[in-house]
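Quick note, the sequences are listed as chains A and B, same order. Read the first sequence against my numbering and you will find it ends at 111, with the numbers running on by one and no gaps. Read the second sequence against my numbering and you will find it ends at 224, with the numbers running on by one and no gaps. No residue lacks a Cβ here, since even glycine has one placed at the ideal position from N, Cα and C. Keep in mind that this is a model prediction, so the values were computed, not measured.
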Amino acid sequence: QKEVEQDPGPLSVPEGAIVSLNCTYSNSAFQYFMWYRQYSRKGPELLMYTYSSGNKEDGRFTAQVDKSSKYISLFIRDSQPSDSATYLCAMRSGGSYIPTFGRGTSLIVHP
Amino acid sequence: ETGVTQTPRHLVMGMTNKKSLKCEQHLGHNAMYWYKQSAKKPLELMFVYNFKEQTENNSVPSRFSPECPNSSHLFLHLHTLQPEDSALYLCASSQERDSTEAFFGQGTRLTVV
Chain A
1 QKEVEQDPGP LSVPEGAIVS LNCTYSNSAF QYFMWYRQYS RKGPELLMYT YSSGNKEDGR
61 FTAQVDKSSK YISLFIRDSQ PSDSATYLCA MRSGGSYIPT FGRGTSLIVH P
Chain B
112 ETGVTQTPRH LVMGMTNKKS LKCEQHLGHN AMYWYKQSAK KPLELMFVYN FKEQTENNSV
172 PSRFSPECPN SSHLFLHLHT LQPEDSALYL CASSQERDST EAFFGQGTRL TVV
């Protein structure tokens with residue numbers, strides 16, 4: 001079993017849809033959870049991060065962590081074509097500086 | 112210039128060639144990283160440098176040789192690579208080694224023929 005599982009997609013949605021991107025993990029020591037966005041031919045950029053469980057909101061983006069289920073989500077409201085990218089989840093424990101990444105989910109938002 | 116800059120953006124090399132990838136960060140960060148990104152696979156951490164000292168070598172073959180002459184520059188020297196080494200090589204930096212946020216460059220798309 002991989003440490004971090006993420007469906008590669010692609011996930012295709014119409015403009016304005018609510019998008020849900022998810023990752024599951026097996027290491028209960030993970031405490032820091034990050035979401036990166038990577039546009040084609042670019043490097044990843046950090047979108048959001050959360051510590052431990054709970055929700056965090058930033059504009060149209062909401063990150064959610066459920067440590068009991070070892071499941072994290074990124075919700076995008078009112079999705080736009082400019083949101084089309086690959087979304088990478090990453091996580092690490094408090095005792096390590098090395099993050100473990102998921103494979104990334106390719107999102108396509110069509111007009 | 113700002114952020115993390117990588118050169119070249121694209122590189123095609125034969126298996127007997129020697130080439131180098133360059134990374135420069137203008138963020139004043141103390142930690143720098145090399146990652147490998149292959150299609151449909153998670154980002155793989157290769158090397159970590161903290162204050163110019165290598166602190167992590169993630170079982171990377173010796174045909175990849177990193178060099179960090181100062182906190183702003185990072186190189187990846189390549190020699191006798193294999194076709195399976197073809198990938199996007201990403202450089203990143205962070206304020207400290209345990210910072211949550213890493214800033215990535217645009218990567219070098221490497222093709223080994």
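Beta-carbon contacts of ASN22 of chain A that lie in its chain and below 6 Å, excluding the five residues immediately before and after: Cβ neighbours of ASN22 of chain A within its own chain (closer than 6 Å, five residues either side excluded): SER73.
Closer than 8 Å to chain A by CB, GLU135 of chain B: Output row for GLU135 of chain B: interface = no.
Under 9 Å (Cβ pairs) to chain A, residues found in the stretch 189 to 218 of chain B: Near chain A, meaning a CB-to-CB distance below 9 Å, the residues of the stretch 189 to 218 of chain B are LEU199, LEU201, CYS202, ALA203, SER205, GLU207, ARG208, ASP209, SER210, THR211, GLU212, ALA213, PHE214, PHE215, GLY216, GLN217 and GLY218.
Contact residues within the stretch 21 to 55 of chain A, judged by C-beta distance below 9 Å to chain B: Of all residues in the stretch 21 to 55 of chain A, TYR32, MET34, TYR36, GLN38, ARG41, LYS42, GLY43, PRO44, GLU45, LEU46, TYR49 and TYR51 have a Cβ within less than 9 Å of some Cβ in chain B.
Below-8 Å beta-carbon distance, PHE101 of chain A vs any chain B residue: So yes, PHE101 of chain A belongs to the interface.
Chain A residues whose Cβ lies nearer than 7 Å to that of LEU156 of chain B: Simply ILE98.
TYR146 of chain B - partner residues in DSSP beta bridges: Looking at the DSSP output, TYR146 of chain B bridges to B:LEU156 and B:LEU201.
Inter-residue Cα distance where the pair is TYR146 of chain B and GLU15 of chain A: Each residue's Cα considered, the two are about 33 Å apart.
Rounded distance between the beta-carbons of GLN117 of chain B and CYS134 of chain B, thought under 8 Å: Between GLN117 of chain B and CYS134 of chain B the Cβ distance is about 5 Å, and since that is below 8 Å, they are a contact.
Residues near GLU3 of chain A by beta carbon distance below 7 Å, same chain, minus five either side: Excluding residues within five positions, the ones whose Cβ falls inside 7 Å are TYR25, SER26, ASN27 and THR100.
Minimum Cβ-Cβ distance from VAL65 of chain A to chain B less than 8 Å: Contact of VAL65 of chain A with chain B is not assigned, every C-beta pair being separated by 8 Å or more.
DSSP state of PRO99 of chain A mapped onto helix, strand, coil: Of the three classes helix, strand and coil, the one that applies to PRO99 of chain A here is coil, per DSSP.
LEU47 of chain A vs TYR32 of chain A beta-carbon contact at 8 Å: It is not a contact, given that the beta carbons lie outside the stated cut-off.
Residues of its chain near ALA85 of chain A, where Cβ-Cβ distance is below 7 Å and the 5 sequence neighbours each way are ignored: Within the same chain, ALA85 of chain A has close Cβ partners ARG37, GLN38, TYR39 and LEU107.
Burial state of GLN80 of chain A (16 or more Cβ within 10 Å): Exposure of GLN80 of chain A is indicated by the presence of fewer than 16 other C-beta atoms within 10 angstroms of its C-beta.
Cβ-Cβ distance between ARG220 of chain B and LEU192 of chain B below 8 Å: No, the Cβ-Cβ distance between ARG220 of chain B and LEU192 of chain B is not below 8 Å.
Neighbour flag for LYS151 of chain B against chain A, beta carbons, 8 Å: Taking Cβ atoms only, chain A reaches closer than 8 Å to LYS151 of chain B, which makes this a yes.
Buried versus exposed, by CB contacts within 10 Å (16 or more), PRO177 of chain B: Around the C-beta of PRO177 of chain B, 16 or more other C-beta atoms lie within 10 Å, and the residue is accordingly described as buried.
Supposed close pair ALA203 of chain B, PHE186 of chain B - CB separation, criterion 8 Å: About 14 Å separates the two Cβ atoms, so there is no contact after all.
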